[in-house]
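The block underneath contains the structure these notes are about, expressed in structure tokens.
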Amino acid sequence: MARLRIKTQLLVGETIALGPGKAELLEAIGREGSISAAARAMGLSYRRAWLMIDATNRAFAEPLVALHPGARIGATLTEEGRAVVTAYRALEAALAETGERHGRAILDRLRAATEGGDGTNATDTSIASDVSTR
Numbered sequence: 017m018a019r020l021r022i023k024t025q026l027l028v029g030e031t032i033a034l035g036p037g038k039a040e041l042l043e044a045i046g047r048e049g050s051i052s053a054a055a056r057a058m059g060l061s062y063r064r065a066w067l068m069i070d071a072t073n074r075a076f077a078e079p080l081v082a083l084h085p086g087a088r089i090g091a092t093l094t095e096e097g098r099a100v101v102t103a104y105r106a107l108e109a110a111l112a113e114t115g116e117r118h119g120r121a122i123l124d125r126l127r128a129a130t131e132g133g134d135g136t137n138a139t140d141t142s143i144a145s146d147v148s149t150r
């Protein structure tokens, strides 16, 4: 099956400042109120989640997550964090729409997968955004 996968990543040098997994983690922190609860909800280790948030906070001019050690709510999204996640999701949607429009012309020209003998129908193509969490 032929597919177009669009994975939106914002880089600072070679460091991923924001991508699908980090955006999902930011949203989970907004819902859960802590890094540990967000990590559990996503099936991540606390250390992995902490490293992702630390890298993201360092990449942006203002922190996206505010930490509140010892408080009932251990972490919250800052106003900047909410704005960045909203803008990132809008960017993902716009890129998916553009991919659908322009990618179809390429996918329709790909050699039929059945020529490789796997039994897949030649018209079985799709365009999808990659929403992996890691």
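In this text, residue positions in the sequence shown follow our numbering: the first is 17, and each later residue adds one.
Even for Gly, the Cβ is constructed at its ideal location relative to N, Cα and C.
Here the structure is a predicted model, which is why all the values come from computation and not from measurement.
Once DSSP output is grouped into helix, strand and coil, what is the label at residue i?
| i | result |
| --- | --- |
| THR92 | strand |
| ALA82 | strand |
| ALA77 | coil |
Is residue i near the ligand SAM, in the sense that its beta carbon is under 7 Å from a heavy atom of that ligand?
| i | result |
| --- | --- |
| GLY35 | The ligand content of the structure shown is nil, which means the ligand SAM is not present either. |
In angstroms with no decimal places, state the Cα-to-Cα distance between residue i and residue j.
| i | j | result |
| --- | --- | --- |
| ILE32 | ALA121 | 30 Å |
| LEU34 | SER50 | 19 Å |
| GLU95 | ALA112 | 26 Å |
| ASN73 | TYR62 | 16 Å |
| LEU60 | ARG47 | 16 Å |
| ALA54 | GLY37 | 12 Å |
| THR149 | ARG125 | In this prediction, THR149 scores a pLDDT of 33, lower than 50, which makes its location untrustworthy; no coordinate-derived value is stated. |
| GLY97 | ILE69 | 11 Å |
| ALA144 | LEU123 | Note that ALA144 scores a pLDDT of 49, beneath 50, so its modelled location is shaky; the value from the coordinates is reported in the next line. So the two alpha carbons sit approximately 12 Å from each other. |
| THR24 | ALA110 | 11 Å |
| SER52 | ALA99 | 23 Å |
Does the beta-carbon distance from residue i to residue j come in below 8 Å?
| i | j | result |
| --- | --- | --- |
| ALA65 | VAL28 | no |
| LEU93 | LEU80 | yes |
| ALA91 | ALA82 | yes |
| ALA4 | VAL101 | Since the first residue of the chain shown is 17 and the last is 150, residue 4 is not available in this structure. |
Here's the rule I'm using: 16 or more other beta-carbon atoms within 10 Å means buried, otherwise exposed. How should residue i be labelled?
| i | result |
| --- | --- |
| GLY86 | exposed |
| ILE89 | exposed |
Does the region 100-108 come close enough to the region 33-46 to have 3 or more Cβ pairs within less than 8 Å?
yes
Three or more C-beta pairs under 8 Å: does that hold for the region 111-118 against the region 17-25?
yes
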